[in-house]
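Quick note on numbering: full-length UniProt numbering labels position 59 of the sequence shown as 59, and the sequence is numbered without any gaps.
We put the CB at the ideal spot given by N, CA and C, even for glycine.
Being a predicted model, the structure only gives us computed values, none of them experimental.
Working notes, beginning with the structure itself.
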Amino acid sequence: MDYTRIQAIDARIKDQVPDLSTFDKQETAVKSYEQHCISCHGAPGVAPEPFSLGMMPAPSAIVRVARQRSPAELYWVIENGIKMSGMPAWKYRLSGQEIWQLVALIKQLPKLSKSQYAQLAKQRNTPNQTASHVSETAFVSASERNNETLSGQVALQQYNCNSCHVIQGIASAIYHVGPPLNNMVNRRFIAGTLPTTRENLVKWIMNPPHFKPQSLMPNLQVKRQHAEAMVDYLYEISDK
């Protein structure tokens with residue numbers, strides 16, 4: 001399985017690697033790493049969170065990954081995730097710039113001592129006035145470069161809507177925690193609060209507690225373009 005995973009990733013790498021020395025590793029990347037990565041992968045002198053130790057398969061030690069994988073491989077894995085593991089796809093939540101910043105930091109981690117990493121973490125909120133910049137095109141993700149659009153069906157899965165709702169066309173969406181969404185667009189009101197219109201559906205998906213504070217549906221930080229794609233899909237599967 002490990003061999004298959006490596007070969008599958010290698011076969012899909014297409015992106016050119018920008019000059020990693022131009023990315024801000026000491027501020028933005030450290031902050032992003034501690035928000036999204038450290039709980040599972042740890043850092044020099046920092047253990048991962050206890051929950052990750054029981055994951056199967058266990059998350060890889062970040063220093064080993066940094067030594068063994070090329071920047072292009074790291075970028076692809078962060079962007080697309082690894083199926084049948086706990087590694088998520090970040091392509092819909094992190095920009096290409098943020099992913100390359102993470103890659104630049106990860107490649108430096110094997111060279112850092114415990115105290116050096118601790119110092120980086122301590123200083124992560126200090127603006128870095130000397131960081132150089134690269135062309136904006138280097139920040140764009142592979143999906144953005146290829147003009148790919150996120151389908152509503154994929155968006156609903158990326159934000160884990162299928163864990164609470166029945167949704168036509170998504171095999172795993174079979175749960176009645178929340179109302180079924182198959183004919184959502186034909187209901188008069190959204191959660192008994194908002195008149196059902198396309199725009200109101202988009203706004204509801206982006207921030208349900210704003211419109212109904214007692215709602216059990218949390219704010220999943222859904223981007224507007226993703227919410228619009230979800231609503232388009234809900235119209236596709238509705239009873240005409």
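Residue i and residue j closer than 8 Å at C-beta
i: I205; j: V185; result: no
i: V63; j: L120; result: no
i: C37; j: S52; result: no
i: P44; j: L112; result: yes
i: P50; j: S85; result: no
i: L156; j: I167; result: yes
Euclidean distance between Cα positions of residue i and residue j
i: L194; j: M230; result: 17 Å
i: T197; j: Q225; result: 16 Å
i: L20; j: K91; result: 19 Å
i: H165; j: P209; result: 18 Å
i: P88; j: Y159; result: 11 Å
i: Y75; j: Y235; result: 34 Å
i: R5; j: R187; result: 45 Å
i: T28; j: A191; result: 38 Å
i: A66; j: D2; result: 16 Å
i: I106; j: N182; result: 42 Å
i: L150; j: R93; result: 12 Å
i: A11; j: S70; result: 13 Å
i: S163; j: S60; result: 26 Å
Residue nearest to residue i in terms of C-alpha spacing, selected from the options
i: I99; options: L181, G192, F23, P218; result: F23
i: Q123; options: K14, E34, L181; result: E34
i: A8; options: P48, E73, N207; result: E73
i: L220; options: Q214, E228, C161; result: C161
i: V177; options: L201, S215, V154; result: S215
CB-CB length for residue i against residue j, believed under 8 Å
i: Q153; j: Y233; result: 5 Å
For the UniProt domain "Cytochrome c" (147 to 238), list the alpha helix (DSSP H) runs that are entirely contained and at least 4 residues long, ordered along the chain. 152 to 158, 198 to 206, 208 to 211, 224 to 237
Return the chain-ordered ranges of every alpha helix (DSSP H) run that is complete within the UniProt domain "Cytochrome c" (14 to 110) and spans a minimum of 4 residues. 28 to 36, 38 to 41, 62 to 68, 71 to 80, 96 to 108
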